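Heads up: the sequence lines are chains S and D, in that order. Anchor point for the first sequence: position 437 equals 436 in numbering that gives the first Met the number 0, and the numbering is continuous, going up by one each time. Anchor point for the second sequence: position 51 equals 50 in numbering that gives the first Met the number 0, and the numbering is continuous, going up by one each time. Right, one structure below, let's go through it.
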Amino acid sequence: MTIAITGTTSGGNDKGTATWVSVSGNIPLANFAVGDWVIAAVAADSTIGPKGFEWSVGTGTFSDFTTVASSNKSGYVSVKICIAKIATKPSTEGYLQAVGMRSGDSKAGRGFIASGLDSSSPYDKSASSTGSSTSPSSGATATLSQADELAFGAVGTEGPRDDTRGSFTTGTSYVSGNETLEFTGTIGGSAASNISCDSAIEIVSATTAQTAAKTGITSRDWAAVVATFKGAASGTTYNQSVSGSSTATGAQVRQANKLVAGSSTATSTLVRAVSKAVAGTTTVAGALVNQIRKSLVGSTTGVGTLARRTLLILVGSTTQSGLLVRRSEKFLSGLSTLSSSLSRVQTIIQVLSGSLLVGGSLLRGVSKAVQGSTTASGFITRVLTYQKTLSGSMTTGGLLSRSVFVRLSGLITISGLVQSLRIFLLSLSGSLTLSGLLGKLSQVIQSSSLVLYSSLGRHSSVTRSGTITSEGSLTREISLFLFGLLTMSGIIRRTILKRVLGVITSLGDLISQLIKVTPAGRVPLSPICGTLVRPALPSGVLLGKIVQSPLSMSPIGGLLDQPDLSSPPILSSTLSSLSGSVFGSTILP
Amino acid sequence: MATQTFQHSSFGNGQVVVEIDVNDATWRVSRVRCINNSAHALAARVLSGGTEVWTGTAPAGQTTQWNVAGVQLGWDSVNSGIVMGNYVVQVRWPA
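As structure tokens, then:
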């Protein structure tokens, strides 16, 4: 919204009789609206007042009266900048008054009405100064908060209005302009009995610190002050059937584009953008809070922070080099590249036939129906990744904490450190290779191979027909309906197997194994080349005939230590093939 | 002897007030004080002939006092006002 000013033709003065002072000439009712702001500078002998604004006629009212800044040269002159919002318009054209002043003070004021300022709290920065010279200066404010602001500077002097007025210093860091034709002040008597006020108003488009300074005035005691006020963020922009370009250079609350064949560019903060059927390019160089695009054929580039993005039917490319908090994409057939950090990202990609590249860290990603490849080459921490129907490949080179995969038919390779990992796999027809540390792995209906080169904290498999190979240690494994092959070359702390039809081969130690409901004719412990410690075979749960009991495994190349064989049915087996040693066992014929 | 206090400037509807203490026996300014009840710091400086001779920052939410013995401000007993001479006191808020 554009900042505009109204009613700067003149000010007013009073030499010690009234408790108010006019700060403007008559302002036509059509020149302002409810919600506009009145801004005025009031200079006086003392620091008393003003306490508010009033219209000279009618019933108009104000709200939110605030003295935003003041400067006081005690005993000589003070100047204040006050602001209030127009609550209701007067019924008749009139002028503005600053009220609540002290009777007996000489006073002068200059004010105006501004539209397009922030509706709730426009005040931003200020500075004030006092002195005695021909060149008053407020001193510089701090750097402004935003580019679009209104700067208002005022100088109060202890002298009459027929003093040499001087001029406001100009330049990008000085407030000048809108100074009116007349110098405002009292006149008569001694010079020190008068008060004058001069002001300048400038609408700036940069964040440069502002100073109100004058040169060439009659040497007087003076007080100077400057204050800046923020412009409102740009309002909603609707573009329909635009074949050209749309560029937003200022703060923008909402932008809606339809059927844009050209380019749409936002160079600063864009809170929300909605685009439909964009065939051209969209570039956001500033912060983008929420972006929703549909049927985008061209490219989308976000250089700054992107809080949330939703894309539907993107055929072209998407590049995000800044921070991306959340992104949702559906039917992406092109290339999606994230080259920097992704913090707290939720990425939802459906029917991706292209590729997703993550060059930075990824906290959370949700992918559905990905047919292309997903590659994260950076550090990945505390990741929660959901992927459904991935027929391509996924590669993570960094840390992966948690992943959930459903119907994965492609290849997953995790070559970095995998700590406290929890992976759920459903209908895996491809292969999964983990070379780092694995905290927990759950698989359901795995038909392909799983290779673990490192430690596995806990592993649960249900209806697995593929193979599991663990070259690291296995702390606990629970397998149900195992049809495949389990080969362990490391230490196995505890294993619970139910209805195992396949073969388990342990080349390392097997500790505290619990086997329940083994089918007839199968013993899933052959061969064990390491030490078998305290196998527990509880009675009453063995349904089939055991041809080869754990004690008759052939061959046992290691050590069998204190087997608990208290159930008679298993003792019918023979030990003819035992080539190892048995210690502390109760073996009945 | 007593100390008289005069307000130099204020901001944010009085949330921030800068005061000057004057010794009415010597009519010398002894201290500058910032009562800052805002959420932002205030910056102050003194110029002498356009040259900065002193700077200070008053943190947010507290009162800060500076001894300004090196800044020889005076007192105009006729107008009951501070004689600035060649000095300019500037403050800005937020800093």
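A virtual CB, placed ideally from N, CA and C, is assigned to each residue, including glycine. All values reported here derive from a predicted model rather than from experimental measurement.
Under the three-state DSSP convention, the category residue i falls into
i, result
"S/Leu-180", "coil"
"S/Trp-19", "strand"
"S/Asn-25", "coil"
"S/Ser-192", "helix"
"D/Asn-36", "coil"
"S/Ser-578", "For S/Ser-578, the predicted model reports a pLDDT of 29, less than 50, meaning its position is unreliable; a value from the coordinates is still stated below. Reduced to three states, the DSSP call for S/Ser-578 is coil."
"D/Asn-12", "coil"
"S/Met-552", "The predicted model places S/Met-552 with a pLDDT of 34, which falls under 50 and marks its position as unreliable; any figure quoted below should be read in that light. In the structure shown, S/Met-552 sits in coil (DSSP, three-state: anything other than H, G, I, E or B)."
"S/Gly-438", "With a pLDDT of 45 at S/Gly-438, under the threshold of 50, the modelled position of that residue is not reliable, and no figure is offered here."
"D/Asp-75", "strand"
Beta-ladder partner(s) of residue i, from DSSP
i, result
"S/Ser-9", "DSSP, once it has assigned bridges, lists no residue as partnering S/Ser-9."
"D/Tyr-86", "D/Ser-47"
"D/Gln-6", "D/Glu-18"
"S/Glu-148", "S/Val-203, S/Lys-229"
"S/Lys-84", "S/Trp-36, S/Ser-62"
"S/Phe-52", "S/Ala-97"
"D/Arg-149", "Shown here, chain D extends from 0 to 94; a query on residue 149 of chain D therefore has no answer."
"S/Phe-167", "S/Lys-213"
"S/Ile-653", "In the structure as shown, chain S starts at 0 and stops at 588, and residue 653 of chain S therefore has no counterpart that could be examined."
"D/Arg-91", "S/Ala-126, D/Ala-42"
"D/Thr-54", "D/Arg-44"
"S/Ala-43", "S/Ser-77, S/Lys-106"
"S/Val-154", "S/Asp-197, S/Ala-223"
CB of residue i within 9 Å of CB of residue j, strictly
i, j, result
"S/Gly-152", "S/Ala-97", "no"
"S/Ile-186", "S/Arg-101", "no"
"S/Gly-108", "S/Thr-183", "yes"
"S/Phe-31", "S/Leu-116", "no"
"S/Ser-127", "S/Ser-70", "yes"
"S/Ser-136", "S/Lys-213", "yes"
"S/Lys-84", "S/Phe-61", "yes"
"S/Gly-35", "S/Val-76", "Checking the displayed sequence, the identity of residue 35 of chain S turns out to be Asp instead of Gly. Not a contact, by the Cβ cut-off of 9 Å."
"S/Thr-207", "S/Ser-172", "yes"
"D/Val-90", "D/Ala-38", "no"
"S/Ile-80", "S/Ala-39", "yes"
"S/Asp-147", "S/Ile-2", "yes"
"S/Thr-156", "S/Asp-197", "yes"
"S/Ala-199", "S/Asn-177", "yes"
"S/Ala-42", "S/Ser-175", "no"
"D/Asn-85", "D/Pro-58", "no"
"S/Gly-68", "D/Phe-10", "This sequence places Ala at residue 68 of chain S; Gly is not what is there. Yes, these two residues count as a Cβ contact at 9 Å."
"S/Leu-95", "S/Ser-55", "yes"
First and last residue of the uninterrupted beta strand (DSSP E) at residue i
i, result
"S/Arg-219", "219-229"
"D/Gly-80", "80-82"
"S/Val-67", "60-72"
"S/Lys-106", "105-114"
"S/Tyr-122", "122-132"
"D/Trp-65", "61-66"
Buried or exposed (CB count within 10 angstroms, at least 16 for buried), residue i
i, result
"S/Val-33", "exposed"
"S/Asn-12", "buried"
"S/Gly-59", "buried"
"S/Asp-63", "exposed"
"D/Ser-79", "exposed"
"S/Asn-193", "buried"
"S/Leu-143", "buried"
"D/Glu-51", "exposed"
"D/Gln-3", "exposed"
"D/Pro-93", "buried"
"S/Ser-21", "buried"
"S/Ser-73", "buried"
"S/Gln-209", "buried"
"D/Asp-23", "exposed"
"S/Glu-181", "exposed"
"D/Thr-25", "exposed"
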